[in-house]
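Working notes, structure below.
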Amino acid sequence: MAQLHFRYAAMNSGKSTMVLQYRHTYAACGRTGLLMTRLDRAGEGIVSSRIGLSADAIEFGADTDFAHFVMAHPGARVDHLIVDEAQFLSAEQVDQLAWLVDDQDIDVFTFGLLSDFRGEQFTGSARLVVLADIVEALQVYPMCWCGQPARMNARVTDGVMVRDGDTVVVGNTDPDAEVSYVVLCRRHHRAGRPYSPAPAVTLVG
Numbered sequence: 001m002a003q004l005h006f007r008y009a010a011m012n013s014g015k016s017t018m019v020l021q022y023r024h025t026y027a028a029c030g031r032t033g034l035l036m037t038r039l040d041r042a043g044e045g046i047v048s049s050r051i052g053l054s055a056d057a058i059e060f061g062a063d064t065d066f067a068h069f070v071m072a073h074p075g076a077r078v079d080h081l082i083v084d085e086a087q088f089l090s091a092e093q094v095d096q097l098a099w100l101v102d103d104q105d106i107d108v109f110t111f112g113l114l115s116d117f118r119g120e121q122f123t124g125s126a127r128l129v130v131l132a133d134i135v136e137a138l139q140v141y142p143m144c145w146c147g148q149p150a151r152m153n154a155r156v157t158d159g160v161m162v163r164d165g166d167t168v169v170v171g172n173t174d175p176d177a178e179v180s181y182v183v184l185c186r187r188h189h190r191a192g193r194p195y196s197p198a199p200a201v202t203l204v205g
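Just so we're aligned: 24 in the UniProt record's numbering is position 24 of the sequence shown, and the numbers increase by one with no gaps anywhere.
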């Protein structure tokens, strides 16, 4: 029986690497699947991981009808669907994925962030938590600058952590970028401290 899966994590946790591993494993078994994503940092129509792995993918948009797209796909019948950046799904699109599972017996694996830079759940993630048969946090936690497990995503603009703005702004983890993202523990996300404080300088003599 097909199932709807949702696996989530903070940034820098190896989420996209796992997506690519799923794609490889199912392809090696001879199964026919589709890999879809949205707004990957490497560009349109690609899933990329920070360890250098990548694969071509189908870019979905805000108006993509997953039920129609998968059922109308040419060639062999699709038996599984892998969706990266699932936080960008709408609630309606998650319902379409559930229809593919329940009515068409197609396995659907989704991967994404649970919360945005403000600490609020993304719409797609919230709906997946409700509907998915399997909801699982990835067990590889990135580390906050203080050494504690980081579960929060923070947006930094010109070196300052921001809490307002558009939900979707593509950035990277490069601290020199105009808009960058860092992962923080809850304590330092609440405190708005995205970086380790500079060490104190002791003058001698």
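Positions of the beta carbon are idealized from the N, C-alpha and C atoms, including for glycine. Owing to the predicted nature of the structure, the values given are computational and were not obtained by experimental measurement.
Opposing strand residues paired with residue i [DSSP bridges]
i    : result
F109 : H5 and I82
Y181 : R155
A55  : V47
M161 : V156
S115 : Q121
Residue i: first and last residue of the uninterrupted alpha helix (DSSP H) it sits in
i    : result
S125 : T123 to L131
E120 : Neither: E120 is in no alpha helix (DSSP H) and is coded neither H nor E.
M71  : F66 to M71
M143 : From DSSP, M143 is part of no alpha helix (DSSP H); its letter is neither H nor E.
R77  : Looking at the DSSP string, R77 is not in any alpha helix (DSSP H), and its letter there is neither H nor E.
S16  : K15 to A28
R193 : Taken as a continuous stretch (DSSP letters only), R193 belongs to no alpha helix (DSSP H), as it is neither H nor E.
L89  : Looking at the DSSP string, L89 is not in any alpha helix (DSSP H), and its letter there is neither H nor E.
Buried versus exposed call for residue i [16 or more other C-beta atoms within 10 Å across all chains shown]
i    : result
A191 : exposed
P74  : exposed
H80  : buried
D107 : buried
V160 : exposed
Y195 : exposed
Q21  : exposed
I51  : exposed
A62  : exposed
R77  : exposed
I134 : exposed
G124 : buried
Own chain partners of residue i with C-beta closer than 7 Å, once the 5 adjacent residues on each side are dropped
i    : result
H189 : G119, M152 and A154
L131 : L4, V94 and A98
E44  : E59
E136 : R7
E85  : T37, R38, L39, D40 and G112
Beta strand (DSSP E) segment containing residue i, residue limits
i    : result
E136 : I134 to A137
M36  : G33 to T37
Chain-order list of residues whose beta-carbon lies under 8 Å from that of residue i (same chain, five-residue window excluded)
i    : result
C185 : C144, C146, Q148, P149, A150, R151 and M152
Spatial neighbours of residue i in its chain, beta-carbon cut-off 6 Å, leaving aside the 5 residues before and after
i    : result
S115 : Q121
V101 : A2, L4 and V108
Near the ligand ATP: residue i beta-carbon under 6 Å from a heavy atom
i    : result
L113 : No copy of the ligand ATP occurs in the structure displayed, which carries no ligand at all.
Pair every Cβ in the region 20-40 with every Cβ in the region 139-156, then say whether three or more of these pairs are closer than 8 Å. no
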